[in-house]
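K.L.:
What follows is a structure written as structure tokens; I'll ask about it next.
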Amino acid sequence: MAEPARVLRFALVAVLLALVGTIPASQREAPAAADRSAAADRPAGPLAVDSFRSARSYSAVASPVRLRIPDIGVDTPLTPLGRNADGTVAVPVDPDVAGWYREGARPGQPGPAVILGHVDSRVGPAVFYDLHALRAGTQVSVERSDGSRVAFRVTGQVRVAKSRFPTDLVYAPTLEPSLRLVTCGGTFDHAVGHYRDNVIVYADAA
Amino acid sequence: MSRQAWCRRTLAVLVVVLTGLVAGHAAVARGGRFPTVAAPATPGDAAVALQAALGYHSVLAADMMRSRIRGDEELARAAENAVGRNTDVMRQLVGALLGADRAEQFRLLWTAHVTALANYSRGVADEDNGARDAARSALSTFEGDLAGFLAAGSQGRLPRDAAAAAAYLHVDHLMQQADAYAAGDYARADQIYREGYAHTFELGETIANALIGPAAVKALRAPAWRLRSQLTRLLGEHVVLVVAATRAGATNGPDFAAAGEAVNANTRDLAGAVDTLFGAAAAQRFQSLWADHVEQVMAYTGGVAAGDATRREAAIEALGGFEKQFAAFLSSATGGRLPVADLARTLVMHDQMLLAQVDSFAAKQYEQAQDSAYSTYGHMGDVAGQLAGAFTGTLGDRAPKGGSQTGYGGTAGHHG
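Here the protein sequences come in this chain order: A and B. Counted the way our numbering counts, the first sequence spans residues 97 to 302. Counted the way our numbering counts, the second sequence spans residues 5 to 420.
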């Protein structure tokens, strides 16, 4: 039995090495358990598995082009937004147009899509002036560049100091289709020319 | 047997045994002993472990029912034994939350529903409406019993009606997929199989929230946990669907086409997830590599079914290429958070485990095939956790800093 014992030791070492990935794939042996099944047990005729082909495309979600929130009279085109050089999020140039954060999810993708809009301009109300009035259950609709639409339902809203902005809850990746609408709120700091707070509306796929 | 053949055989057996041991997550002890599950360290760990165990329960229960419908008693027995081991994993998880007495209560009522599901599939196979109705009645009793158990364990956090509705849906998925399978509507059977698997993750979250309480409610809202849970579901589904497809492929079963399409649906879902996380270009690269991976596992299966060692070896060779490229892709996507060498080892193990399962199944070593599949699933759960952590860190670094400057002050003092 000396020979089998030697082979067993060899096999054990070989498997351990394979498990830690030190055996290149080209040198790995095909496990031979299947060889033990009698030829008579093998399926006859053409094998369906031989015709298998993997899916090599998926249904991509188109970019958003328009946001509608009938309850507060919002019907705005959407402009793509990135980040500023200092790492903060860019905002729409036009106070009457909302923007979509293009480095996050597209609305309807499995993840949080973020749409930002101004609460006011220097002279009056802007596109998200009434965002603070949204309540749980309100319907929000986003139209996409391919003509498709996706609906969301508001689940809640918060007003938070910008210094304690919940980056995680707004931008962190999940795989659940959801929407965050962001604008300014609270008191205006005239010294720096900005509002002190942000209003964030959370919505899930309807 | 030649020395070379003996060596190959030894190697194959050891791959199966060692991969099972290395997998760690709910590693299955054989010979009548129950597996041991470490008490979860955090509410989030407990919740995702519960989700994964419930997900696998739905898969094993469906396997058991389908085997009975096909009249494959040996395979049905192996699946039933695996369901029993999975039930014990859940018993231990429940025990960690509610104590040993309640855990035993859970085991008894859960086992009763597994028995009723087995009886239902026998009724379907034998076209015995009386047996089916009796099983349905037993399952209805189970739904009420489980709802009562969860409502009591939740100390009022989970209404009995909500728990009963969740239990009903779980049972309904399993019965419906069995009915469709028996009718030869494999596409519908697999669609329900996928829905049932996904639902068990929702059920696991519901149960975790109910039994763990406020600590879980907070932990399970965290985006990092949600991503981990979702990746565990998607990648776990990859394993269970590939296992199902390779088994149908190895026997050239009539359900293979639908099983293959279910794998492809999961592949598309994974690509969509990568698009969300890393963009369209990364998703396309991911899908190209992932598609190669799945095709080579199927090619290996074809080689096994045909008894063609050359084809099997060619598939292994091609998988080696996938492992290297995919490791490089993931490492790059995560900015090096996940080292290429570690990823490559993980992928080698994943492929070896899948292939070992094919070998065991083709050799009609069904208990071993079940263990191998369970270990592969558990290993993938661990991988999903690591990926979720790396993705969260990488994308967190890229998130905008602070709040938005979305106001110029023209209405300051006049709005809410």
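Ideal Cβ positions, reconstructed from N, Cα and C, are used throughout, including at glycine. All of these numbers come straight from a predicted model, not from anything done at the bench.
Can you tell me which of the three DSSP states aspartate 132 of chain B falls into?
P.N.:
Translated into the one-based positions of the second sequence, residue 132 of chain B becomes position 128. Three-state result, aspartate 132 of chain B: coil.
K.L.:
Which two residues bound the contiguous beta strand (DSSP E) that contains histidine 290 of chain A?
P.N.:
In the first sequence, residue 290 of chain A corresponds to position 194, counting from 1. Per DSSP, histidine 290 of chain A belongs to the beta strand (DSSP E) from 290 to 301.
K.L.:
Identify the residues that DSSP records as bridge partners of proline 139 of chain A: which are they?
P.N.:
In the first sequence, residue 139 of chain A corresponds to position 43, counting from 1. BP columns for proline 139 of chain A are empty, so no partner.
K.L.:
Out of B:Gly48, B:Phe110, B:Thr119 and B:Gly99, state which residue places its alpha-carbon closest to the alpha-carbon of leucine 64 of chain B.
P.N.:
Here residue 64 of chain B refers to the residue found at position 60 when the second sequence is read from its first residue. Comparing Cα positions, the closest option is B:Thr119.
K.L.:
Using the C-alpha atoms, what's the distance from valine 362 of chain B back to arginine 13 of chain B?
P.N.:
For this step, residue 13 of chain B is matched to residue 9 along the second sequence. For this step, residue 362 of chain B is matched to residue 358 along the second sequence. Because the pLDDT at arginine 13 of chain B is just 36, under 50, the model does not fix this residue reliably, and the point stays unresolved.
K.L.:
What do you get for threonine 314 of chain B, buried or exposed, if any count of 16 or more other CB atoms within 10 angstroms of its CB means buried?
P.N.:
On the second sequence, residue 314 of chain B is found 310 positions in, with the first residue counted as 1. Threonine 314 of chain B is exposed by the Cβ-count criterion.
K.L.:
For alanine 392 of chain B versus leucine 173 of chain B, is the C-beta distance shorter than 7 Å?
P.N.:
Against the second sequence, residue 392 of chain B aligns to sequence position 388. Against the second sequence, residue 173 of chain B aligns to sequence position 169. It is not a contact, given that the beta carbons lie outside the stated cut-off.
K.L.:
Within the same chain, show all residues whose beta-carbon is closer than 7 Å to that of proline 262 of chain A, passing over the 5 residues directly before and after it, in chain order.
P.N.:
Here residue 262 of chain A corresponds to residue number 166 of the first sequence, with the count starting at 1. Val256, listed in sequence order.
K.L.:
I want to see whether chain B comes within less than 7 Å of threonine 175 of chain A, judged by CB atoms only; does it?
P.N.:
One-based indexing of the first sequence puts residue 175 of chain A at position 79. It does not; no Cβ of chain B falls within 7 Å.
K.L.:
Please list, in chain order, all residues of the same chain as alanine 388 of chain B whose beta carbon is under 6 Å from its beta carbon, the five residues on each side excluded.
P.N.:
For the purposes of this step, residue 388 of chain B is identified with residue 384 of the second sequence, where counting begins at 1. Same-chain partners within the cutoff: Leu235, Thr236 and Leu239.
K.L.:
In angstroms, rounded to a whole number, what distance separates the CA positions of arginine 152 of chain A and alanine 266 of chain B?
P.N.:
For the purposes of this step, residue 152 of chain A is taken as residue 56 along the first sequence, with counting starting at 1. For the purposes of this step, residue 266 of chain B is taken as residue 262 along the second sequence, with counting starting at 1. Each residue's Cα considered, the two are about 14 Å apart.
K.L.:
Measure the alpha-carbon distance for glutamate 199 of chain A versus methionine 68 of chain B and round it to whole angstroms.
P.N.:
Looking up residue 199 of chain A in the first sequence gives position 103. Looking up residue 68 of chain B in the second sequence gives position 64. Whole-angstrom Cα-Cα distance: 45 Å.
K.L.:
From the DSSP output, in three-state form, read off glutamine 361 of chain B for me.
P.N.:
Within the second sequence, the letter at position 357 stands for residue 361 of chain B. Three-state DSSP puts glutamine 361 of chain B in a helix.
K.L.:
If I follow the unbroken alpha helix (DSSP H) through isoleucine 196 of chain B, where does it start and stop?
P.N.:
Here residue 196 of chain B refers to the residue found at position 192 when the second sequence is read from its first residue. Run containing isoleucine 196 of chain B: 190 to 216, per the alpha helix (DSSP H) assignment.
K.L.:
Could you name the residues of the stretch 395 to 409 of chain B whose beta carbon sits closer than 8 Å to any beta carbon of chain A, in the order they occur along the chain?
P.N.:
Residues Phe395, Thr396, Leu399, Gly400, Arg402, Ala403, Pro404, Lys405, Gly406, Gly407, Ser408 and Gln409.
K.L.:
Going by beta carbon distance, what residues of the same chain come within less than 6 Å of valine 236 of chain A, once the five residues before and after it are set aside?
P.N.:
Here residue 236 of chain A refers to the residue found at position 140 when the first sequence is read from its first residue. These residues qualify, in order along the chain: Ile165, Phe248 and Ala299.
K.L.:
Is the stretch 140 to 155 of chain A in contact with the stretch 372 to 380 of chain B, if contact means three or more CB pairs nearer than 8 Å?
P.N.:
Output reads no: the stretch 372 to 380 of chain B does not touch the stretch 140 to 155 of chain A.
K.L.:
So, are the CB atoms of aspartate 194 of chain B and alanine 151 of chain B less than 7 Å apart?
P.N.:
Residue 194 of chain B sits at position 190 when you count from the first residue of the second sequence. Residue 151 of chain B sits at position 147 when you count from the first residue of the second sequence. Cβ distance not < 7 Å, so aspartate 194 of chain B and alanine 151 of chain B don't count as in contact.
K.L.:
Would you say tyrosine 412 of chain B lies against chain A (beta-carbon separation less than 7 Å)?
P.N.:
Start at 1 with the first residue of the second sequence, and residue 412 of chain B comes out as number 408. Yes, its Cβ sits closer than 7 Å to a Cβ of chain A.
K.L.:
Any C-beta of chain B sitting closer than 7 Å to the C-beta of glycine 243 of chain A?
P.N.:
Working through the first sequence from its first residue, we reach residue 243 of chain A at position 147. No, glycine 243 of chain A does not count as interfacial toward chain B.
K.L.:
Report the start-end ranges of each beta strand (DSSP E) in the stretch 227 to 287 of chain A that is 3 residues or longer and not cut off at the edges.
P.N.:
List check, beta strand (DSSP E) in window: 235 to 240, 245 to 257 and 274 to 285.
K.L.:
Per DSSP, what kind of secondary structure is arginine 149 of chain A in: helix, strand or coil?
P.N.:
Looking up residue 149 of chain A in the first sequence gives position 53. Here arginine 149 of chain A sits in coil by DSSP.
K.L.:
Can you tell me which of A:His290, A:Asp293, A:Phe224 and A:Arg240 puts its alpha carbon nearest to the alpha carbon of proline 176 of chain A?
P.N.:
Position 80 of the first sequence, counted from the first residue, corresponds to residue 176 of chain A. If we check each option's Cα against that of proline 176 of chain A, A:Arg240 comes out closest.
K.L.:
By DSSP, does arginine 95 of chain B sit in helix, in strand, or in coil?
P.N.:
In the second sequence, counting from the first residue as 1, residue 95 of chain B sits at position 91. If DSSP states are grouped into helix, strand and coil, arginine 95 of chain B belongs with the helices.
K.L.:
Relative to the C-alpha of serine 292 of chain B, which residue among B:Glu321, B:Phe326 and B:Thr305 is closest?
P.N.:
On the second sequence, position 288 is the one that residue 292 of chain B refers to. Nearest of B:Glu321, B:Phe326 and B:Thr305 to serine 292 of chain B, Cα basis: B:Phe326.
K.L.:
Under 8 Å Cβ-Cβ, which residues of chain B neighbour threonine 279 of chain A?
P.N.:
In the first sequence, the residue the question calls residue 279 of chain A occupies position 183. Going along chain B in sequence order, the residues near threonine 279 of chain A (Cβ under 8 Å) are Ser408, Thr410 and Gly411.
K.L.:
Determine the extent of the alpha helix (DSSP H) in which tyrosine 197 of chain A is found, giving its start and end residues.
P.N.:
Locating residue 197 of chain A in the first sequence gives position 101, counting from the first residue. No alpha helix (DSSP H) holds tyrosine 197 of chain A; the beta strand (DSSP E) holding it covers 194 to 197.
K.L.:
Using only CA atoms, which one of A:Asp190, A:Gly233 and A:Ser159 lies nearest to glycine 204 of chain A?
P.N.:
As a first step, residue 204 of chain A must be located in the first sequence, where it is residue number 108. Of A:Asp190, A:Gly233 and A:Ser159, the residue nearest in Cα terms is A:Ser159.
K.L.:
Name, please, each residue of chain B whose Cβ falls closer than 8 Å to the Cβ of glutamine 205 of chain A.
P.N.:
Position 109 of the first sequence, counted from the first residue, corresponds to residue 205 of chain A. Within 8 Å Cβ-Cβ: Gly276, Asp279 and Thr280.
K.L.:
Kindly indicate which three-state DSSP category threonine 175 of chain A falls into: helix, strand or coil?
P.N.:
On the first sequence, residue 175 of chain A is found 79 positions in, with the first residue counted as 1. Note: threonine 175 of chain A maps to strand in three-state DSSP.
K.L.:
Should proline 120 of chain A go down as buried or exposed, given a rule of 16 or more other Cβ atoms within 10 Å for buried?
P.N.:
One-based indexing of the first sequence puts residue 120 of chain A at position 24. Per-residue confidence for proline 120 of chain A stands at a pLDDT of 37, beneath the threshold of 50, marking its modelled position as unreliable; no derived number is given.
K.L.:
Could you round the C-beta distance between glutamine 288 of chain B and alanine 319 of chain B to whole angstroms and report it? I think they count as a contact, below 8 Å.
P.N.:
Here residue 288 of chain B refers to the residue found at position 284 of the second sequence. Here residue 319 of chain B refers to the residue found at position 315 of the second sequence. Not quite, the Cβ-Cβ distance comes to about 24 Å (not below 8 Å), so this is no contact.
K.L.:
Against chain A, does asparagine 213 of chain B count as a neighbour if the rule is that its beta carbon must be under 7 Å from one of theirs?
P.N.:
For the purposes of this step, residue 213 of chain B is taken as the residue at position 209 of the second sequence. It does not: the Cβ of asparagine 213 of chain B has no partner Cβ on chain A nearer than 7 Å.
K.L.:
Any idea which residues DSSP pairs alanine 209 of chain A with across the strands?
P.N.:
Position 113 of the first sequence, counting from 1, holds the residue named residue 209 of chain A. Answer is A:Leu275, bridged to alanine 209 of chain A.
K.L.:
Quick check: what's the CA-CA separation for glycine 134 of chain B versus glycine 127 of chain B?
P.N.:
Sequence index remark: in the second sequence, residue 134 of chain B carries index 130 (1-based). Sequence index remark: in the second sequence, residue 127 of chain B carries index 123 (1-based). C-alpha separation (whole angstroms): 8 Å.
K.L.:
Starting from the N-terminal side, write out each stretch of the beta strand (DSSP E) that is 3 residues or longer and does not extend beyond the stretch 49 to 79 of chain B.
P.N.:
With a minimum length of 3 residues, no continuous beta strand (DSSP E) run stays inside the stretch 49 to 79 of chain B.
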